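As they're listed, the protein sequences go chains A and B. All residue numbers for the first sequence refer to my numbering, where the first residue is 1 and numbers rise by one. All residue numbers for the second sequence refer to my numbering, where the first residue is 252 and numbers rise by one.
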Amino acid sequence: MIEIKNLHASIEGKEILKGLSLKVNAGEIHAIMGPNGSGKSTLASILAGREEYDISEGGVTFEGKDLFELSTEERAREGLFLAFQYPVEIPGVSNVNFLRTAINEIRDSKREDPISAKEFMSLVREKTKIVELDSSLASRSVNEGFSGGEKKRNEIFQMAMLQPKLAILDETDSGLDIDALKIVANGVNSLKSPDNACIVITHYQRLLDHIVPDYVHVLYDGRIMKTGGKELALELEEKGYDWIKAETQVG
Amino acid sequence: MTPYTEDELAKDLDQQDYKYGFVTDVETETVPVGLNEDIIRLISAKKNEPDWLLEYRLNSFSIWKKMTEPNWAHVKYKKPQFQNITYYAAPKQTKKYESWDDVDPEMKETMTKLGISMDEQKRLTGVAVDFVMDSVSVATSFKAKLKELGIIFCSFSDAVLEHPELVRKHMGSVVPNSDNFYAALNSAVFTDGSFCYIPKGVRCPMELSTYFRINAGGTGQFERTLVIAEEGSYVSYLEGCTAPQRDENQLHAAVVELKAMDNAEIKYSTVQNWYPGDKNGLGGVFNFVTKRGICEKNAKISWTQVETGSAVTWKYPSCILKGDGSVGEFYSVAVTNNYQQADTGTKMIHLGKRTKSTIISKGISAGNSENSYRGLVQIHKNAHGSRNFSQCDSLLMTDHCGAHTFPYIECKNPSAQIEHEATTSKIGEDQLFYCMQRGISEEKAISLIVNGYCKEVLNQLPMEFAVEAQKLLAISLEGSVG
Numbered sequence: 001m002i003e004i005k006n007l008h009a010s011i012e013g014k015e016i017l018k019g020l021s022l023k024v025n026a027g028e029i030h031a032i033m034g035p036n037g038s039g040k041s042t043l044a045s046i047l048a049g050r051e052e053y054d055i056s057e058g059g060v061t062f063e064g065k066d067l068f069e070l071s072t073e074e075r076a077r078e079g080l081f082l083a084f085q086y087p088v089e090i091p092g093v094s095n096v097n098f099l100r101t102a103i104n105e106i107r108d109s110k111r112e113d114p115i116s117a118k119e120f121m122s123l124v125r126e127k128t129k130i131v132e133l134d135s136s137l138a139s140r141s142v143n144e145g146f147s148g149g150e151k152k153r154n155e156i157f158q159m160a161m162l163q164p165k166l167a168i169l170d171e172t173d174s175g176l177d178i179d180a181l182k183i184v185a186n187g188v189n190s191l192k193s194p195d196n197a198c199i200v201i202t203h204y205q206r207l208l209d210h211i212v213p214d215y216v217h218v219l220y221d222g223r224i225m226k227t228g229g230k231e232l233a234l235e236l237e238e239k240g241y242d243w244i245k246a247e248t249q250v251g
Numbered sequence: 252m253t254p255y256t257e258d259e260l261a262k263d264l265d266q267q268d269y270k271y272g273f274v275t276d277v278e279t280e281t282v283p284v285g286l287n288e289d290i291i292r293l294i295s296a297k298k299n300e301p302d303w304l305l306e307y308r309l310n311s312f313s314i315w316k317k318m319t320e321p322n323w324a325h326v327k328y329k330k331p332q333f334q335n336i337t338y339y340a341a342p343k344q345t346k347k348y349e350s351w352d353d354v355d356p357e358m359k360e361t362m363t364k365l366g367i368s369m370d371e372q373k374r375l376t377g378v379a380v381d382f383v384m385d386s387v388s389v390a391t392s393f394k395a396k397l398k399e400l401g402i403i404f405c406s407f408s409d410a411v412l413e414h415p416e417l418v419r420k421h422m423g424s425v426v427p428n429s430d431n432f433y434a435a436l437n438s439a440v441f442t443d444g445s446f447c448y449i450p451k452g453v454r455c456p457m458e459l460s461t462y463f464r465i466n467a468g469g470t471g472q473f474e475r476t477l478v479i480a481e482e483g484s485y486v487s488y489l490e491g492c493t494a495p496q497r498d499e500n501q502l503h504a505a506v507v508e509l510k511a512m513d514n515a516e517i518k519y520s521t522v523q524n525w526y527p528g529d530k531n532g533l534g535g536v537f538n539f540v541t542k543r544g545i546c547e548k549n550a551k552i553s554w555t556q557v558e559t560g561s562a563v564t565w566k567y568p569s570c571i572l573k574g575d576g577s578v579g580e581f582y583s584v585a586v587t588n589n590y591q592q593a594d595t596g597t598k599m600i601h602l603g604k605r606t607k608s609t610i611i612s613k614g615i616s617a618g619n620s621e622n623s624y625r626g627l628v629q630i631h632k633n634a635h636g637s638r639n640f641s642q643c644d645s646l647l648m649t650d651h652c653g654a655h656t657f658p659y660i661e662c663k664n665p666s667a668q669i670e671h672e673a674t675t676s677k678i679g680e681d682q683l684f685y686c687m688q689r690g691i692s693e694e695k696a697i698s699l700i701v702n703g704y705c706k707e708v709l710n711q712l713p714m715e716f717a718v719e720a721q722k723l724l725a726i727s728l729e730g731s732v733g
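Next up, the structure:
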């Protein structure tokens, strides 16, 4: 699905990623954990196509293509989806209009016909249920006046609508109460299939009680320092990140 | 759900340039260049006008000669050389058009290119259309049907000949010929325009629409519109404007007068797309327009404008809320790109008791353009319990453009309530990135965001016009983020 090799990236002269490597196969869920400033969100931004970063070394292939050769929208059309940590408000643009535009742009890039109104509306009805989103939210302006939890659920709703191959969830759990957390996790779980994959970036273990990852990676100082199964997350929860730091320094 | 228009948008986005820049090859009849009493007499004679109108013109001319061009607006431009303009240009015609079939095929072609097919319109939308090319009104469809209801919708020239008493009574009663420099000029040399009269208690069953087109080179367009809605009547009136692409600046100075009698309502919508000049600011139309309406008791006038064209715009559609309980509304989207300049807004004059006004202005500036909102809310001594709400938002697309807001409030009655909100924002990189991450191209993302930003105004337009306006916004802002 995606392979990141020895990725070095910096912003305003400061190196954030220092040789990050990661491989994710179809059907897998990977969790990336790490302390503040370790480069988690930078990784998500670079994969999605933010332009303010300089890539000095390394590369990423996504579905066999050089990711950095693709523009932001081309990546999205190839099936890469980012659930934003801070979803943006777009006043006056309804959620449904926004999504329908996105779906049709993606379809158009594959020379497919636009989605019919009927098909689209039944998709909306089906997918709003997954995240228990009030259907009135679907017709409101994108994220405008949404609560923090609604914004995050809306991200998962969009993900469900667009059915990406690779979804990257950037701290989707931050600021969620336990009920919203469960809803978000259920959404992600119900979308899991052998053909798609998910990278869950998170600070805390608690999301991983509900989304069970196949692999847990610890990102520290711009590199993956440790990889393990879901038990690694529990260990981190218990011991914090310091023992990894210590282990690294020793190593 | 509203019909989906983004797909059509994409097709239009391929045509980056001003798509109405063509010139129609019809024989044009003009008067000699320049302005003097003889020219005015000639224009008046060509139109077989009654003496009172010629006198009105000559009187206006003498007033104009004593006036100086205003320079308080936040715009810079080379003042027009009034002696170098041709004040009358008409597509040559030997006989009057009795029906749509009589119209010159070239002219029909022009209308088709402009997206106005009379046949289509007749069949599908039920919009009555008047078409004013250069100085003359070419065709008015649906006349007969409207006549049954007692509605008069015709060219201004026809109105002068066929309904002189109405024209004489109302013309100049809202915008006097001494009102301002360009209104005085218009009163002296106006050539044609639209006239609309809705009798007492009649609700006009269709949108009335006029398309204005400047075709001939070196000419000015000075049209005049008069809409009279008698007691308890209703009318929705639309105007659209385009002009060919020329390197010279062309002058357009119109006067629009609206009269809404007791309990009447007039909805006046404009999509203005005069040629804006090229990317370097060469050419384009100078659009200096005076638009004003008077509301009698419980009457309502609603102005909606989408302004994307013209090199320089100077325009303040206003409402005089004379009657108690009358309502004035102004909804505006003004887009400027490249070197365009717009100074536009409204005046709400509250004279009557419990009068209400709403102002929603959305300015969008791109390129090196300057976009100003200028508005006056005036509450007079007797306007007890009057209210105004104003919201003026500016959206900046680049770092080189300017957005300015000049709100004036004069309140002489302590019971009045006035609210004013204003925001200025730059189109968000984050918003664009968010859209693009969902697979939406940058161009489409801009049009989505901008249309969302203007939604409150676009919602006021009749459906066909709203679709047209959305396309225009997208085309005007093509490649404009920087």
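From the three backbone atoms N, C-alpha and C, an ideal C-beta is built for every residue, glycine too. Treat the numbers as computed from the prediction; the structure is a model and nothing was measured.
Query: Rounded C-alpha distance that separates residue 181 of chain A from residue 52 of chain A; Result: 31 Å
Query: Start-end ranges of the beta strand (DSSP E) lying completely within the stretch 194 to 226 of chain A, minimum 3 residues; Result: 197 to 202 and 215 to 220
Query: Helix, strand or coil at residue 14 of chain A according to DSSP, with G and I counted as helix; Result: strand
Query: Min CB distance residue 91 of chain A to chain B below 7 Å; Result: yes
Query: Runs of beta strand (DSSP E) wholly within the stretch 23 to 62 of chain A (minimum 3 residues, chain order); Result: 29 to 33 and 54 to 62
Query: Residues that residue 101 of chain A contacts on chain B, provided the C-beta gap is smaller than 7 Å; Result: 257, 691, 695 and 699
Query: Helix, strand or coil at residue 500 of chain B according to DSSP, with G and I counted as helix; Result: strand
Query: Beta-carbon proximity of residue 536 of chain B to residue 705 of chain B, cut-off 7 Å; Result: no
Query: Per DSSP, the bridge partner or partners of residue 443 of chain B; Result: B:474
Query: DSSP-derived helix/strand/coil call for residue 599 of chain B; Result: strand
Query: Chain A contact for residue 443 of chain B (CB, 7 Å cutoff); Result: no
Query: Residue 183 of chain A versus residue 149 of chain A - alpha carbon distance; Result: 10 Å
Query: Cβ-based neighbour list, residue 305 of chain B, same chain, cut-off 6 Å, excluding 5 preceding and 5 following; Result: 295
Query: Residue-level contact to chain B via CB, residue 206 of chain A, 7 Å cutoff; Result: no
Query: Length of the line joining the Cα atoms of residue 45 of chain A and residue 643 of chain B; Result: 35 Å
Query: Residue 613 of chain B and residue 663 of chain B closer than 7 Å at C-beta; Result: no
Query: Cα-Cα separation, residue 133 of chain A to residue 42 of chain A; Result: 29 Å
Query: 6 Å CB neighbourhood of residue 233 of chain A in its chain, flanking five on each side removed; Result: 205, 208 and 216
Query: Straight-line gap, residue 728 of chain B to residue 665 of chain B (C-alpha atoms, nearest Å); Result: 43 Å
Query: CB contact below 7 Å: residue 181 of chain A versus chain B; Result: no
Query: Cβ of residue 233 of chain A within 7 Å of any chain B Cβ; Result: no
Query: Interfacial residues, the stretch 148 to 160 of chain A to chain B, with Cβ spacing under 8 Å; Result: 158
Query: Contact between the stretch 569 to 588 of chain B and the stretch 536 to 546 of chain B (3+ Cβ pairs under 8 Å); Result: yes
Query: Alpha-carbon spacing of residue 349 of chain B relative to residue 414 of chain B, whole angstroms; Result: Note that residue 349 of chain B has pLDDT 49, beneath the 50 cutoff, so the model's placement of it is unreliable and the number below is only indicative. Distance between the alpha carbons of residue 349 of chain B and residue 414 of chain B is about 18 Å.
Query: Neighbourhood of residue 672 of chain B by C-beta distance below 6 Å, restricted to the same chain and skipping five residues each side; Result: 642
Query: is_contact[residue 685 of chain B, chain A] using C-beta, thresh 7 Å; Result: yes
Query: The stretch 183 to 197 of chain A in contact with the stretch 158 to 166 of chain A per 3-pair CB rule at 8 Å; Result: yes
Query: Chain A contact for residue 642 of chain B (CB, 7 Å cutoff); Result: no
Query: Assigned secondary structure, residue 671 of chain B (DSSP; H/G/I helix, E/B strand, else coil); Result: strand
Query: Start-to-end residues for the beta strand (DSSP E) that takes in residue 629 of chain B; Result: 621 to 630
Query: Continuous alpha helix (DSSP H) stretch holding residue 700 of chain B: start and end; Result: 693 to 704
Query: Boundaries of the beta strand (DSSP E) in which residue 292 of chain B is found, first to last residue; Result: Run containing residue 292 of chain B: none in the beta strand (DSSP E); it sits in the alpha helix (DSSP H), 288 to 297.
Query: Whole-angstrom distance between residue 457 of chain B and residue 420 of chain B, CA atom to CA atom; Result: 26 Å
Query: Supposed contact pair residue 98 of chain A and residue 699 of chain B - C-beta distance, whole angstroms, cut 8 Å; Result: 7 Å
Query: Start-to-end residues for the beta strand (DSSP E) that takes in residue 334 of chain B; Result: Element bounds for residue 334 of chain B: n/a, residue is neither H nor E.
Query: CB of residue 478 of chain B within 7 Å of CB of residue 517 of chain B, strictly; Result: yes
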